[in-house]
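To convert, note that position 244 of the sequence shown is 243 in numbering that gives the first Met the number 0; the numbers rise steadily by one, no gaps.
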Amino acid sequence: MVEDNRARFIRLDIALRDSFSKIRDEIGDIKGKLEMQLGSLKEVKKEVDDSKKDFVGIDKINALKIKIGDLREELKAVERLEKKLNEIEAKAAEKEKTEAKLDEIEGKIESIEKVSKAASPDSKVDKLVKEINGEFADLRKAVREVENKGGSIVDDKFTKLENDVNKRTLSISNKLSMFMEEQKKYPTKQEINQLLRMMNREFDDIKEKIDEIGIVKNDLKNMRREKVGKRFFEQQFVSLNGEIGNLKSEIEYLKRKGFKAAGKSSEKGERKAFNFYFLANFLIVLAFILLGVSLLLFFIGRDAYMDYLIYGAIISFVIGVLMRIVLVIRG
0 MVEDNRARFI
10 RLDIALRDSF
20 SKIRDEIGDI
30 KGKLEMQLGS
40 LKEVKKEVDD
50 SKKDFVGIDK
60 INALKIKIGD
70 LREELKAVER
80 LEKKLNEIEA
90 KAAEKEKTEA
100 KLDEIEGKIE
110 SIEKVSKAAS
120 PDSKVDKLVK
130 EINGEFADLR
140 KAVREVENKG
150 GSIVDDKFTK
160 LENDVNKRTL
170 SISNKLSMFM
180 EEQKKYPTKQ
190 EINQLLRMMN
200 REFDDIKEKI
210 DEIGIVKNDL
220 KNMRREKVGK
230 RFFEQQFVSL
240 NGEIGNLKSE
250 IEYLKRKGFK
260 AAGKSSEKGE
270 RKAFNFYFLA
280 NFLIVLAFIL
290 LGVSLLLFFI
300 GRDAYMDYLI
310 YGAIISFVIG
320 VLMRIVLVIR
330 G
């Protein structure tokens with residue numbers, strides 16, 4: 000499951016890099032189109048400047064200058080956005096820095112949308128076309144009046160210039176419409192936020208899986224230790240119970256035999272027997288103490304020396320019982 004999540008994250012990272020690459024390519028295309036548009040406007044401006052003394056008022060020239068200035072600002076915004084996208088592509092593997100750069104992209108996209116709205120053919124360009132057409136109509140009327148009075152103006156040249164200006168203005172409108180259509184291909188703020196949420200969920204899932212694996216490993220370790228410890232204690236207790244049963248039988252037999260020979264012991268033998276008997280009892284008690292300590296170490300999780308204590312308890316118990324048996328036999 001962790002490998003699947005990791006593979007999904009790698010695919011997500013590749014898709015993100017491809018998306019940034021496509022955005023950069025599209026911005027490059029937009030930049031080229033804007034430069035072509037700026038060149039077309041410069042040609043229009045040149046032709047208008049050549050004929051402004053006879054046909055176009057200074058206010059229309061100023062309007063064209065404003066439009067050219069707007070397009071230059073728009074081109075600068077696109078260049079700044081392209082620069083930011085290059086920085087993002089270079090650092091896309093770093094999640095926190097990527098998020099910060101994505102915030103900058105959102106702001107740049109909003110600014111591009113504002114600039115696009117400001118450059119919409121339905122606003123300034125259409126208005127400019129209508130104003131120029133109206134101005135040409137007024138000029139045509141004035142020319143007709145001059146011709147009626149005997150003036151000499153070549154009508155074909157005037158018509159050609161009028162048609163050329165209308166054609167170029169329509170071309171600008173079409174190019175801006177295409178720009179607006181391509182603008183729709185950019186990732187929106189909601190799409191970027193959704194992508195970030197998906198990445199965060201992937202990181203959270205991976206973290207949860209790692210925590211679950213750690214918990215399962217600890218549980219398996221504890222279960223294995225507990226199972227082995229319990230099985231060992233059960234075997235030892237079964238063995239001890241068998242030995243204790245056999246020793247009890249032998250002790251009962253030897254006690255009966257010892258009571259019969261008790262009157263024959265001397266005073267010195269009784270003193271030795273007492274010391275021997277005390278040592279045997281001490282070893283038996285020590286065996287039970289060691290066994291209790293080993294159980295305590297097992298339950299508190301410190302079982303490094305538990306086996307040694309159990310073996311010591313068994314040896315001490317067996318020696319103590321054998322000493323009791325020897326004491327009874329010699330009784």
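The beta carbon of each residue, even a glycine, is placed where N, CA and C say it ideally should be. Just so we're clear, the structure is a prediction, and the values are computed from it rather than from any experiment.
Assigned exposure category for residue i - 16 Cβ within 10 Å defines buried
{"i": "Leu295", "result": "exposed"}
{"i": "Ile314", "result": "exposed"}
{"i": "Ile13", "result": "exposed"}
{"i": "Asp17", "result": "exposed"}
{"i": "Arg71", "result": "exposed"}
{"i": "Ile26", "result": "buried"}
{"i": "Arg196", "result": "exposed"}
{"i": "Arg10", "result": "exposed"}
{"i": "Phe316", "result": "buried"}
{"i": "Arg323", "result": "buried"}
8 Å contact criterion, which residue i and residue j should meet: CB distance rounded
{"i": "Ser366", "j": "Ala312", "result": "Past the boundaries of the shown model lies residue 366; the chain is included only from 0 to 330, so the question cannot be answered."}
{"i": "Val309", "j": "Leu290", "result": "It is Ile, not Val, that sits at residue 309 in the sequence shown. Sure, about 7 Å apart at Cβ, within 8 Å."}
{"i": "Ile67", "j": "Lys44", "result": "7 Å"}
Nearest-angstrom Cα separation, counted from residue j out to residue i
{"i": "Leu326", "j": "Ile299", "result": "39 Å"}
{"i": "Ile318", "j": "Phe297", "result": "25 Å"}
{"i": "Ser41", "j": "Arg23", "result": "Per the sequence shown, the amino acid found at residue 41 is Lys instead of Ser. Rounded to the nearest angstrom, the two C-alpha atoms are 27 Å apart."}
{"i": "Tyr340", "j": "Leu282", "result": "Residue 340 falls outside the range modelled here, since the chain spans only 0 to 330, and no answer is possible."}
{"i": "Ala260", "j": "Phe287", "result": "In this prediction, Ala260 scores a pLDDT of 47, lower than 50, which makes its location untrustworthy; the coordinate-derived value is nonetheless stated afterwards. So the two alpha carbons sit approximately 31 Å from each other."}
{"i": "Arg79", "j": "Ala62", "result": "26 Å"}
{"i": "Lys332", "j": "Gln36", "result": "In the structure displayed, the chain extends from 0 to 330; residue 332 sits before or after that span and is not available."}
{"i": "Tyr304", "j": "Phe273", "result": "34 Å"}
{"i": "Arg375", "j": "Gly38", "result": "Given that the chain is displayed from residue 0 to residue 330, the structure contains no residue 375 and the question cannot be resolved."}
{"i": "Leu15", "j": "Asp69", "result": "32 Å"}
{"i": "Glu46", "j": "Glu34", "result": "18 Å"}
{"i": "Ser20", "j": "Lys82", "result": "12 Å"}
{"i": "Met177", "j": "Asp28", "result": "11 Å"}
{"i": "Lys75", "j": "Glu180", "result": "20 Å"}
{"i": "Phe275", "j": "Arg301", "result": "35 Å"}
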